[in-house]
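Let me begin by presenting the structure, written as structure tokens, before commenting on it.
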Amino acid sequence: DAVVEGDFLVFETDHLSQYAILGSNTPFETSEKPTDPTDPTDPTTPTDPTDPAGPTDPTTPTDPADPADPTDPAKPEQQGKPSEQIESPQTGDSSDMALWIGLMLASCGGVLGMLFYRRKKAAAGK
């Protein structure tokens with residue numbers, strides 16, 4: 001059985017397993033007791049059903065932008081200037097490639113040398 005302690009959901013288990021905890025964004029209140037099902041409370045109707053933040057006339061828009069003067073997204077208001085950067089930024093590995101190519105050639109040469117030595121030794125043994 002899970003128990004809510006402050007902001008935590010606490011439960012005890014006797015084995016390891018995966019658990020999914022589902023919740024909602026409604027506040028959890030433990031102090032209020034539910035109403036007695038034999039004596040339910042009647043719902044009340046609102047006294048003023050209009051929204052005070054909404055417009056009183058639905059034909060009048062509340063958007064402050066003027067729809068008669070739209071901005072064209074194809075034409076920016078201010079032309080962008082190219083940056084004054086002359087050099088490209090340094091990206092990638094900055095190590096010396098000649099060193100790595102030389103090491104690769106040396107290792108390939110060593111492998112080929114071992115193969116030729118083995119063939120020469122095998123041919124001399126026959």
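Take the sequence shown: its position 105, counting from 1, is numbered 105 in UniProt numbering, and each next residue is one higher.
We put the beta carbon where it would ideally sit given N, CA and C, even for glycine.
*For the alpha helix (DSSP H) containing residue 115, list its first residue and its last residue.*
97-125 is the span of the alpha helix (DSSP H), which, as asked, contains residue 115.
*In the DSSP assignment, find the beta strand (DSSP E) that holds residue 8 and state where it starts and stops.*
The continuous beta strand (DSSP E) containing residue 8 extends over residues 8-10.
*Quick one: Cα of residue 22 to Cα of residue 43, how far?*
Between residue 22 and residue 43, the C-alpha separation is close to 29 angstroms.
*By DSSP, does residue 5 sit in helix, in strand, or in coil?*
In this structure, residue 5 counts as strand in the three-state DSSP scheme.
*Can you grab the Cα-Cα spacing for the pair residue 119 / residue 111, in whole Å?*
The straight-line gap from Cα to Cα measures roughly 13 angstroms.
*Find the nearest neighbour of residue 20 within the set 6, 7, 2 and 26, judged by alpha-carbon distance.*
Check the Cα spacing between residue 20 and each of 6, 7, 2 and 26: the tightest is with 2.
*Rounded to whole angstroms, what's the CA-CA distance from residue 124 to residue 109? Just pull it up for me.*
Taking the straight line from one Cα to the other gives about 22 angstroms.
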